[in-house]
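Under the numbering used here, the residues of the sequence shown are numbered 2 to 224, in order. Here is the structure we will look at, set down as structure tokens.
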Amino acid sequence: MIDCSQLVNKQQTLRQFGKTLVYHGYISNDSFALNQEGELLWISQANSQVLQKFNGQFENDRIHGEGQLIFRDEYGGFAEYQGMLQNNQFEGQGTLKLSNGDIYEGSFQNSLYNGIGKIVFGNQRFTYSGQFINGLFNGEGTLTIVGQMQVTSRFQSGLIDITSNAQVQFYNGDSYEGQINRKYQMHGNGRYQKVLDDGQKYVLTGIFLNGKPTQNISKILIS
């Protein structure tokens, strides 16, 4: 975030680092610091385009409180954040919409996903709801692969924790509880329940390998 401490009145323009900063809002009469509600624009001196825009609360020349920040993200388009900020960072509850279509809603710390949240990926094929640490799936959570399955398990550093048991609900009505691999296939000890067309069910219990039952499997038919 660019230092805006040199903005010294209620409507001030400051040229800095190839950008023009324009601020509209309240400034303390005694300290000339940005405080309370205001709007800050970052404008390119090269082509006069708005590079970044913030509407919300300031405290002692820093973005601090609730507000909306629009900025260019790593995907080349404009992202929008709406929520709480502290010392120029996303902090607390908020919603971030990235230009690739990803939408995250939940808890932030140091501008990263931290705590409980939900992300819907821009391709609309995946959603994750659960715990995050430093922007990655970490802890208990549920990953939904649209049209295929819903996996509830522990995650670690953005990946499924293969040492933990998972609960998998397939979109055709089948279900599985047990160990899985990083491709979300049944892998290891588990229990798979298959729903037949006539409404009957059978249960496979034992060892699975890359999504398929091995010879070490018992089968029980449930009427």
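Beta carbons: idealized from backbone N, C-alpha and C, even for Gly. Source: prediction; values computed, not measured.
Inset, instruction - Check Gly174 in the structure and name its three-state DSSP category. - result: Within the sequence shown, residue 174 is the residue found at index 173, counting from 1. Coil, per DSSP.
Legend entry - Asn115 burial status per 10 Å Cβ neighbour count (16 or more: buried): Translated into the one-based positions of the sequence shown, residue 115 becomes position 114. Asn115 is buried by the Cβ-count criterion.
Inset, instruction - Assign Gly200 to one of three DSSP states: helix, strand, or coil. - result: Here residue 200 corresponds to residue number 199 of the sequence shown, with the count starting at 1. Residue state, collapsed to three classes: coil.
Inset, instruction - Would you verify that the beta carbon of Gln58 is, or is not, closer than 8 Å to some beta carbon of chain D? - result: Within the model displayed, chain D is absent; a lone protein chain is all it includes.
Legend entry - Selection from Thr128, Asp175 and His25 that minimises the alpha carbon distance to Asp198: Position 197 of the sequence shown, counted from the first residue, corresponds to residue 198. If you compare the alpha carbons of Thr128, Asp175 and His25 with that of Asp198, the shortest gap goes to Asp175.
Legend entry - Segments assigned beta strand (DSSP E), at least 3 residues, entirely inside the region 38 to 83: Runs found: 51 to 60 and 63 to 73.
Legend entry - Sub-8 Å separation of Tyr105 and Ile120 beta-carbons: Counting from one through the sequence shown, the residue named residue 105 turns up at place 104. Counting from one through the sequence shown, the residue named residue 120 turns up at place 119. In contact: Tyr105 and Ile120 (Cβ atoms closer than 8 Å).
Legend entry - Residue of Val23, Gly66, Gly78 and Gln151 minimising C-alpha distance to Gly93: As a working mapping, residue 93 is identified with position 92 in the sequence shown. Nearest option by C-alpha distance: Gly66.
Legend entry - First through last residue of the beta strand (DSSP E) which encompasses Arg155: Counting from one through the sequence shown, the residue named residue 155 turns up at place 154. DSSP places Arg155 inside the beta strand (DSSP E), whose first and last residues are Met150 to Gln157.
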